[in-house]
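Okay, structure first, notes after.
Residue numbers (the working numbering): 43 to 294.
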């Protein structure tokens, strides 16, 4: 019997080591794929000297987009347009090592840009987002929040705007379903996607499932990398900060 439990312990440890190595390998591959996709987008940017300044440098990527890649509201540049996804691959957690691990495995955060909507309980417009934050006091419910914090580097050093090809009717379906998740508690388990709780990228995936768009790369947990490398999404905007200068790449 002792031999049985010894072998069982060895077997379970081997399984655990395998799962950790497998998760690390998958996360590393997705991280690399995300970085490549961003660099490919940036490589197509052409410097726009006429609209650039000492503090903001613009690079235009040729495209055929009906929706703008960013909105300018009261001289503030808000990434994306309604129906777009704003995300970052970098965790906002500044604790050394822990923040790096989260960035490598899961990425940072994701939000869904809203459109003009009003009912008795909630209101939104083109300058707000729906998100599941996970940083408030438990249960940290999903909420509508101003897009402004994505314009600075106080939380995230960069911002990516992802777009999914869809009709206006499909966009309304996506955003309407996202509204139904407002107030849902944050899903701190991550690995188990539940019906009535969501983490940030999980909320995004569930919203687009309503129009049969699968943004989950492997039908498991949804790191931010999955949203970026999905076949359903493409980059229309990217910004980052370097030496107090903001570099903006946008598709037009």
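Ideal Cβ placement from N, Cα and C applies to all residues, glycine included.
Return the CA-CA distance between residue 190 and residue 175, expressed in angstroms with no decimal places.
-> Here residue 190 is taken as the residue at index 148 of the chain shown, counted from 1. Here residue 175 is taken as the residue at index 133 of the chain shown, counted from 1. If you take the alpha carbons of residue 190 and residue 175, they lie about 15 Å apart.
To the nearest angstrom, how far is it from the Cα of residue 89 to the Cα of residue 75?
-> As a working note, residue 89 is residue 47 in the chain shown. As a working note, residue 75 is residue 33 in the chain shown. Distance between the alpha carbons of residue 89 and residue 75 is about 25 Å.
Inside the stretch 236-286 only - beta strand (DSSP E) runs reaching at least 3 residues = 275-284
Give a yes or no on contact between the stretch 157-171 and the stretch 216-234, applying the rule of three or more CB pairs nearer than 8 Å.
-> yes
Could you give the distance in angstroms between the alpha-carbon of residue 248 and the alpha-carbon of residue 263?
-> Indexing the chain shown from 1 puts residue 248 at position 206. Indexing the chain shown from 1 puts residue 263 at position 221. Each residue's alpha carbon lies about 12 Å from the other.
Distance between residue 206 and residue 123 (C-alpha atoms, nearest Å) | As a working note, residue 123 is residue 81 in the chain shown. As a working note, residue 206 is residue 164 in the chain shown. Computed Cα separation, rounded: 12 Å.
Check whether the Cβ atoms of residue 266 and residue 231 sit closer than 7 Å, and answer yes or no.
-> Within the chain shown, the letter at position 224 stands for residue 266. Within the chain shown, the letter at position 189 stands for residue 231. No, these two residues do not count as a Cβ contact at 7 Å.
Taking buried to mean at least 16 other C-beta atoms within 10 Å of its own C-beta, is residue 194 buried or exposed?
-> By one-based count along the chain shown, residue 194 stands at place 152. By the 10 Å Cβ count, residue 194 comes out exposed.
Would you check if the stretch 204-218 and the stretch 131-149 touch, i.e. whether three or more CB-CB distances between them fall below 8 Å?
-> no
So what does residue 200 bridge to, in DSSP terms?
-> For the purposes of this step, residue 200 is taken as the residue at position 158 of the chain shown. According to DSSP, residue 200 bridges with 282.
Skipping 5 residues on each side, what residues in its chain have a beta carbon closer than 6 Å to that of residue 126?
-> The sequence position of residue 126 within the chain shown is 84, counting from 1. Only 155, 203 and 205 meet the Cβ criterion.
Proximity below 7 Å, CB of residue 274 to CB of residue 255 | Within the chain shown, the letter at position 232 stands for residue 274. Within the chain shown, the letter at position 213 stands for residue 255. Against a cut-off of 7 Å, the Cβ pair of residue 255 and residue 274 comes out as a contact.
Over the uninterrupted alpha helix (DSSP H) stretch that includes residue 220, give me the two end residues.
-> Here residue 220 corresponds to residue number 178 of the chain shown, with the count starting at 1. Note, residue 220: alpha helix (DSSP H), 210-222.
Have a look at residue 187 and residue 120 and give me their C-alpha separation to the nearest angstrom.
-> Along the chain shown, one-based indexing puts residue 187 at 145. Along the chain shown, one-based indexing puts residue 120 at 78. Rounded to the nearest angstrom, the two C-alpha atoms are 13 Å apart.
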